[in-house]
């Protein structure tokens, strides 16, 4: 008995050691590529090519790639366009999500179940790529910024998260508000919104990151290069081997920063998101739970 | 409270027509507020569903659905006699099944291992760092894959140390699938483990206490307490995953594949994209998309049924 306990102790200890080592390995594997890009963006092209993949620290540290990237009309335009999309989309997203979530959480509404099933059905079945494409083109949501704003203005998953947050508010609060003559509008925007602020912050993040990272819609609905959001500019530059970036640029700069300007663009487009996410991390669990299990 | 109780009683007493009227009077504003949402779903979800009809037509955009010629199942028979059909179906299943076999257990394993970390700070660091790749956009992710796997990239360099020839790994037919799956795990394993960690934290600590009293060591506790504790979560997520069996990472493949890897990387959705968007063969590509959608739903229902029969947990 005693002997086996000692064995157990050794096995347990060695497991802990192995587990810790594995986690350290995992941290390196997850973090190194991100670090590599960050370092490369502060370096010159020749350093990146000479490094052979092992970049630990930029020497000498230069901001050349960033200034080149930001000065480039396409990259700067990509940022301008995505900010415009966010500015137009996010208020619409939040209003639609609140309206949908409020209705889904409502009680004693005769047609609620039928209407909600009508929404939920779209989670399992849809028209598919081509009918949606034809539909959107037919509506004139083509080659303009609204093509990237209106079709994605509501996510049913997010509305379900919103519904759950509203459900958690005691019904008596609404009852007494109604007694005082409050309408549904007042209840939603004056009582519910202040109470579910943390959830709304997470939803804002979900929508924001979703818009920020999306590229496919713009790739099929936007034909004009000047209207492309940042991800599509990155795609053209990084994946399609396009020379878009070099057009009209000073040839000397191309040589020094041609490689690193790409990394600088990656960093500029990824850093904002990586910076805000640790602050919202504590809300993830809730969001993920509601989104996938109840969904 | 009182007002509602009264109105509820009133609603119950009356005939259907009166009930509709009562309900409308009471909830007018609620219906009005949900109207934009209903209109949104009609325009952007149900109208495209109506558009599926073109799968049974020889659709010409200038004629519209009403004016185009009906051809029955011709587009479907054309797909099944198309030599590309076999390729894209096989590729879709192969990529999807391998993603499930390797990618589904990975976050469970990670969650179990994170759960065993005793140092709270270290645990938090591991979680924070492993969630991070999830926020990298698909375009950036694929760019990184491309940069790292090209002949002078970081991974090729690394493999070169072991005497392997440095080539463009992504253009290699046998390596496309491993690159796709490993990078996918890299990006999502941390995020996907969140839900299991949440389920793990919900397990009653008394169960561990009882297991310890019965003399169970850490490994026995894991097998007899921890895993059964998250079994329901695993099953539900598995059913949902199966429901998307034909939804392989469409965007990722679109960004990563090239004509040199079409043979192994071209899947149903990318084929639909090329046929529909690039070649403007609308009816044909809609038919293929519909086939894809129906298979997904059938697999979802089948998995749900099997799960219900064997384990008593399911989605519906």
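Protein chains in written order, with the working numbering: chain A, 1 to 295; chain B, 296 to 611. A virtual CB, placed ideally from N, CA and C, is assigned to each residue, including glycine. Source: prediction; values computed, not measured.
C-alpha distance - residue i paired with residue j, whole-angstrom precision
i	j	result
residue 497/B	residue 63/A	48 Å
residue 597/B	residue 316/B	42 Å
residue 291/A	residue 531/B	In this prediction, residue 291/A has a pLDDT of 49, which is less than 50 and means its spatial position is unreliable; nothing more can be read from the coordinates.
residue 343/B	residue 158/A	22 Å
residue 605/B	residue 543/B	27 Å
residue 362/A	residue 19/A	With chain A running from 1 to 295 in the structure shown, residue 362/A is simply not present.
residue 408/B	residue 331/B	46 Å
residue 263/A	residue 223/A	25 Å
residue 445/B	residue 196/A	48 Å
residue 341/B	residue 104/A	19 Å
residue 386/B	residue 324/B	51 Å
residue 133/A	residue 215/A	15 Å
residue 249/A	residue 259/A	In this prediction, residue 249/A has a pLDDT of 49, which is less than 50 and means its spatial position is unreliable; what the coordinates show is noted afterwards. Cα to Cα, the separation comes out at about 14 Å.
residue 252/A	residue 68/A	With a pLDDT of only 48 at residue 252/A, under 50, the local geometry of the prediction cannot be trusted, and no value is derived from it.
residue 583/B	residue 470/B	27 Å
residue 254/A	residue 79/A	Its pLDDT being 47, under 50, residue 254/A is placed unreliably in this model, and the coordinates cannot settle the point.
residue 91/A	residue 548/B	32 Å
residue 603/B	residue 269/A	45 Å
residue 591/B	residue 226/A	38 Å
residue 185/A	residue 102/A	10 Å
Assumed close pair residue i, residue j - CB separation to whole angstroms, cut-off 8 Å
i	j	result
residue 502/B	residue 520/B	5 Å
residue 26/A	residue 421/B	7 Å
residue 191/A	residue 173/A	6 Å
residue 557/B	residue 570/B	No, residue 557/B and residue 570/B are not in contact; Cβ-Cβ is about 13 Å, not under 8 Å.
residue 349/B	residue 151/A	That belief does not hold up - the Cβ atoms of residue 349/B and residue 151/A are roughly 19 Å apart, past 8 Å.
residue 30/A	residue 356/B	Not confirmed; about 47 Å, so no contact.
residue 43/A	residue 58/A	4 Å
residue 397/B	residue 480/B	7 Å
residue 440/B	residue 585/B	Rounded, the Cβ-Cβ distance is 31 Å, inconsistent with contact.
residue 494/B	residue 462/B	In fact, because the Cβ distance is near 43 Å, the residues do not count as touching under 8 Å.
residue 122/A	residue 156/A	6 Å
residue 487/B	residue 402/B	4 Å
residue 154/A	residue 329/B	Not really, about 11 Å apart at Cβ, beyond 8 Å.
residue 23/A	residue 490/B	Not confirmed; about 19 Å, so no contact.
Cβ of residue i within 8 Å of any chain B Cβ
i	result
residue 253/A	Caution applies to residue 253/A, whose pLDDT of 49 falls short of 50 and renders its modelled position unreliable; the model cannot decide the point.
residue 238/A	yes
residue 185/A	yes
residue 76/A	no
residue 281/A	yes
residue 248/A	Residue placement at residue 248/A cannot be trusted, given a pLDDT of 48 that sits under 50; the coordinates are not used to answer.
residue 147/A	no
residue 260/A	no
residue 102/A	yes
residue 57/A	no
residue 213/A	yes
residue 153/A	yes
residue 36/A	yes
residue 189/A	no
residue 47/A	no
residue 42/A	no
Buried versus exposed call for residue i [16 or more other C-beta atoms within 10 Å across all chains shown]
i	result
residue 198/A	exposed
residue 235/A	buried
residue 564/B	buried
residue 14/A	exposed
residue 372/B	exposed
residue 574/B	exposed
residue 320/B	exposed
residue 346/B	buried
residue 431/B	buried
residue 261/A	buried
residue 482/B	buried
Interface flag, residue i vs chain A, CB-CB below 8 Å
i	result
residue 498/B	no
residue 431/B	yes
residue 400/B	no
residue 604/B	no
residue 598/B	no
residue 468/B	no
residue 381/B	no
residue 369/B	no
residue 333/B	yes
residue 423/B	yes
residue 377/B	no
Near the ligand MG: residue i beta-carbon under 7 Å from a heavy atom
i	result
residue 495/B	Within the structure as shown, the ligand MG is missing, as the structure has no ligands at all.
Contacting positions in the segment 114-143 of chain A - beta carbon closer than 9 Å to chain B:
115, 118, 119, 121, 122, 124, 125, 126, 127, 128, 129, 130, 131, 132, 133, 134, 135, 136, 137, 138 and 139
Any C-beta of chain B within less than 8 Å: which residues of the segment 260-277 of chain A qualify?
262, 266, 269, 270, 273, 274 and 277
Would you list, in chain order, the members of the segment 549-581 of chain B that have their beta-carbon closer than 8 Å to a beta-carbon of chain A?
549, 550, 564, 567, 568, 571, 572, 577, 580 and 581
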